[in-house]
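Residue numbers (my numbering): 188 to 458.
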């Protein structure tokens with residue numbers, strides 16, 4: 188591999204930028220800024236000699252576990268941790284999923300600006316955590332559901348109203364299951380959804396069959412969806428999916444009515 192010297196330079200640069208007092212080390216006089224090598228090694232629970240060799244480009248490539256310990260020891264950001272793995276191993280680290288706590292007010296305002304376009308934000312495990320008025324009127328009024336129930340997969344298999352709105356439910360449900368499986372695997376969140384999968388396997392024979400098929404659907408950022416709304420009737424909408432900048436754990440899904448008549452139907456629902 189050709190990464191060791193670059194790795195050593197990166198480690199020394201990161202180490203020099205760290206404030207010892209922020210890591211609980213005494214603010215005594217230091218000849219050089221940042222943490223000492225032995226202090227990083229101590230926090231990472233590796234030998235000071237081995238860490239010194241890493242900075243000097245000796246000893247071969249480190250393991251993913253060692254790099255992960257160093258990343259935690261230095262409190263690296265997600266981007267810095269990824270760069271560390273690229274330098275040390277030539278690949279990104281395995282995905283680690285952390286359930287998001289919510290969205291910023293600014294992002295909610297983006298949703299609200301889309302007045303007649305149903306839009307929502309979902310996590311990698313397909314929990315809906317934000318939506319606009321149009322989404323509540325056309326898709327599902329998520330505000331009436333408990334937090335743990337606002338999951339697209341659960342709604343598809345457990346909500347009779349959502350099922351009735353899909354003219355070709357069987358095909359759409361199979362696509363949803365395959366896409367969900369791919370997103371969860373990509374995010375490293377299999378453990379986070381196991382209870383949901385177990386619940387749906389126990390309560391829905393259709394889901395259990397589709398899940399056992401192990402189909403995986405690649406990412407499709409756009410398409411057309413037809414809904415049978417109980418008040419507005421048939422609604423044909425184009426949908427687009429967008430990654431949220433700075434939040435790789437989130438996706439924004441936006442539906443736009445295909446025809447002016449469809450837009451008029453949504454306007455009428457919101458009056």
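Ideal placement from N, C-alpha and C gives every residue a C-beta, glycine not left out.
Residue i versus residue j: straight-line alpha-carbon distance, rounded
i, j, result
"residue 338", "residue 255", "31 Å"
"residue 209", "residue 262", "10 Å"
"residue 219", "residue 401", "55 Å"
"residue 330", "residue 266", "34 Å"
"residue 270", "residue 203", "17 Å"
"residue 399", "residue 353", "23 Å"
"residue 417", "residue 351", "9 Å"
"residue 314", "residue 415", "23 Å"
"residue 234", "residue 251", "16 Å"
"residue 272", "residue 217", "29 Å"
"residue 443", "residue 371", "26 Å"
"residue 241", "residue 435", "30 Å"
"residue 257", "residue 236", "14 Å"
"residue 390", "residue 382", "12 Å"
"residue 264", "residue 433", "12 Å"
"residue 228", "residue 358", "54 Å"
"residue 292", "residue 447", "30 Å"
Within 8 Å, strictly: CB atoms of residue i and residue j
i, j, result
"residue 306", "residue 321", "yes"
"residue 409", "residue 427", "yes"
"residue 249", "residue 275", "yes"
"residue 259", "residue 238", "no"
"residue 336", "residue 317", "no"
"residue 369", "residue 344", "no"
"residue 287", "residue 268", "no"
"residue 438", "residue 308", "yes"
"residue 301", "residue 441", "yes"
"residue 198", "residue 221", "no"
"residue 298", "residue 319", "yes"
"residue 502", "residue 364", "In this structure the chain extends from 188 to 458, so residue 502 is not present and cannot be described."
Other residues of its chain near residue i: CB distance less than 8 Å, five sequence neighbours each side excluded
i, result
"residue 226", "207, 210 and 212"
"residue 458", "none"
"residue 449", "422, 423 and 424"
"residue 347", "none"
Own chain, CB closer than 7 Å to residue i, minus 5 neighbours either side, in chain order
i, result
"residue 342", "327 and 349"
"residue 366", "404"
"residue 384", "398"
"residue 356", "350"
"residue 362", "404"
"residue 253", "233"
"residue 214", "207 and 208"
"residue 304", "321, 441, 442 and 443"
"residue 246", "237 and 240"
"residue 334", "none"
Own chain partners of residue i with C-beta closer than 6 Å, once the 5 adjacent residues on each side are dropped
i, result
"residue 374", "282, 284 and 311"
"residue 413", "354 and 423"
"residue 230", "260"
"residue 420", "none"
"residue 201", "261"
"residue 387", "344 and 394"
"residue 188", "With a pLDDT of only 39 at residue 188, under the threshold of 50, the placement of this residue in the model should not be trusted; the figure read from the coordinates follows. The answer, listed in chain order, is 248."
Any chain C beta carbon closer than 8 Å to residue i
i, result
"residue 228", "Checking the listed chains, one finds no chain C in this structure; it contains a single protein chain."
ask   = Could you give the uninterrupted runs of the beta strand (DSSP E) lying entirely in the segment 348-390, keeping only those of 3 residues or more?
value = Complete beta strand (DSSP E) runs here, min 3: none at all.
Worksheet item: Using 8 Å as the threshold, is the segment 375-395 in touch with the segment 415-429, meaning 3 or more CB pairs across them?
Response: Touching, no.
- Query: Does the segment 394-406 come close enough to the segment 438-455 that 3 or more CB-CB pairs lie under 8 Å?
  - Reply: In the pairwise beta carbon analysis, the segment 438-455 is classified as not touching the segment 394-406: fewer than three pairs are separated by under 8 Å.
query = At which residue ranges does the segment 281-359 contain complete alpha helix (DSSP H) runs of 4 or more residues, listed in the order of the chain?
reply = 292-300, 320-325, 339-345 and 347-351, all fully within the segment 281-359.
* To do: Run through the segment 191-244 for me and flag every whole alpha helix (DSSP H) of 4 or more residues, listed as ranges in chain order.
  => 191-203, 224-231 and 235-243, all fully within the segment 191-244.
Counting only runs that start and end within the segment 393-435, where is the beta strand (DSSP E) found for 3 or more residues in a row? For the segment 393-435, the full-length beta strand (DSSP E) segments reaching 3 residues or more read 409-416 and 420-431 along the chain.
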